[in-house]
Amino acid sequence: MEEKMEKINSLEEKISALKSHFLAVHPFYGTIIVNLSYVIDETHFPAATDCYKIIYIHPDADKLSNYTFKFVNLHELLHVVFMHSQRKGSRNHFLWCIACDYAVNSVLIDEMKMEPPEELPCLYDKRFSGLPAEKIYELLLEELREKGEIKLCFSGNAEGGVKIRISENTGLDEFPIDEKTLAPGDIKESKNPADEQERIRDIIIQAHIVYQKLKDKTRGDLPGSVVEYIKQIVKPDIPFERLLVRYASEIISGKGEYTFNPVNKKYAFYYDLVMPSVAKEEVPKVVVAVDSSGSMKTHELQLAAGAIKRLASLTPEITVIVCDAQIQQVIRTSEIETFLRDVKFKGRGGTSHIPVFEYIDRNIKHPDVVICITDGYSEYPAKKPRYPVIWLLTENHREPPWGQKVIIKEKDRYRE
1 MEEKMEKINS LEEKISALKS HFLAVHPFYG TIIVNLSYVI DETHFPAATD
51 CYKIIYIHPD ADKLSNYTFK FVNLHELLHV VFMHSQRKGS RNHFLWCIAC
101 DYAVNSVLID EMKMEPPEEL PCLYDKRFSG LPAEKIYELL LEELREKGEI
151 KLCFSGNAEG GVKIRISENT GLDEFPIDEK TLAPGDIKES KNPADEQERI
201 RDIIIQAHIV YQKLKDKTRG DLPGSVVEYI KQIVKPDIPF ERLLVRYASE
251 IISGKGEYTF NPVNKKYAFY YDLVMPSVAK EEVPKVVVAV DSSGSMKTHE
301 LQLAAGAIKR LASLTPEITV IVCDAQIQQV IRTSEIETFL RDVKFKGRGG
351 TSHIPVFEYI DRNIKHPDVV ICITDGYSEY PAKKPRYPVI WLLTENHREP
401 PWGQKVIIKE KDRYRE
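Under the numbering used here, the first residue of the sequence shown is numbered 1, with each subsequent residue one higher.
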């Protein structure tokens, strides 16, 4: 038991060192990794992921060299970034895992110029370079139907690959490859693809914002395929919730001024580290003000609830103020989940935003961003506040006199 605990402690320290390394050298992946949980699990060597919240790491992964450990974790992070579990659809899971491994290893080897680890050969075939997992899957399926078998090419295999005879119904438990490889099968089945994708999109947007702020101070760069993928995620016609999260993330991520300190000696033997730190490490304060006046339609208030749900994932501190012509409700972070189950906004009278900003000035010191959900038919303070304000406006609205504007489209709906 003592030996097992020592191994786990060693593995946890190795994971901490890796996170520090990514935050310093690869801030995009660093932001992704700190939004995921590590679970020590013996099911799949060396690692696996649900492409949503968890990276599963095998206890024996502690034996891997630091370079191989980094390669393996980048492999899993790319599965998360590309949302491979959520994009599977009705495809054969076994074959999909193979296609996804070819795709991410191609990014690591061809685009990031990483050498495949000698101690852990991985799936790699030059003919799949630059292709998305869906296209690779089609090519593998075509080969399987034509020949009744597919050839798996592993890095470092001088004989040109391992042929496996499978059917379209082959399961992962029938996979014949030696465990001393970075074998496919590390992608878990998605339980709720649509909702899971929304969370990952928000994390990717945050990661890209951090990367843009720090890219001139770090050695890490983003591969072209990841850049193109991000462009699709942040394209202009995205739903209002994601656009709102993007604006709020930019404000919140700009809260801390990043500086680079000397090597953290505790982890120096793992990686060549230059550690980033945040000069100001306060918890971001987000305030959401919901207009509950009679002019706000029921479905618009439901959309407001959806926006609150998304914004609550950005920061551990969020305050919701419900107001018509006066303050009706003040909902704290700990009460958000209960509030969203009922989605009941008190009020339905006239409209004024003056009480909202007066309440903030009296009770909330220096909010990082205030987000007002309204149709804009309201009274406003004479002076613009010093803190950032985002107006989330209904499609039929009146323009507020100041602040960033985001429009709610009628086609958008609150999703549980």
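Heads up, the beta-carbon is just placed ideally off N, CA and C, and yes, glycines get one too.
Item: With which residues is residue 319 paired in a DSSP beta bridge?; Value: 287
Item: Using the DSSP secondary-structure output, state which residues sit across from residue 47 in a beta bridge.; Value: 57
Item: Determine, using beta carbons only, whether residue 373 and residue 336 come nearer to each other than 8 Å.; Value: no
Item: According to DSSP, is residue 20 part of a helix, a strand, or is it coil?; Value: helix
Item: In terms of alpha-carbon separation, which member of 223, 386 and 363 lies closest to residue 112?; Value: 223
Item: Can you round the beta-carbon distance between residue 186 and residue 48 to whole angstroms, since I take them to be within the 8 Å contact cut?; Value: 4 Å
Item: Residue 290 to residue 15, Cα distance in whole Å?; Value: 41 Å
Item: Taking buried to mean at least 16 other C-beta atoms within 10 Å of its own C-beta, is residue 73 buried or exposed?; Value: buried
Item: Let's test the definition: count the other Cβ atoms within 10 Å of the Cβ of residue 10 and tell me whether it reaches 16, buried, or not, exposed.; Value: exposed
Item: For residue 29, which residues of its own chain have a beta-carbon under 6 Å away from its beta-carbon, when the five flanking residues on both sides are left out?; Value: 22 and 77
Item: Contact between the region 41–55 and the region 196–208: three or more CB pairs below 8 Å?; Value: yes
Item: Using CA coordinates, which residue listed in 368, 92, 360 and 322 is at the minimum distance from residue 138?; Value: 92
Item: Using 10 angstroms around the beta-carbon of residue 86, count the other beta-carbons present and answer buried if the total reaches 16, otherwise exposed.; Value: buried
Item: Alpha carbon to alpha carbon, how far is residue 229 from residue 82?; Value: 8 Å
Item: Once you ignore the five residues that flank residue 400 on each side, which residues in its own chain have a CB closer than 7 Å to its CB?; Value: 376, 380 and 391
Item: Work out the CA separation of residue 403 and residue 118 for me, nearest whole Å.; Value: 55 Å
Item: In the DSSP assignment, find the beta strand (DSSP E) that holds residue 40 and state where it starts and stops.; Value: 37–40
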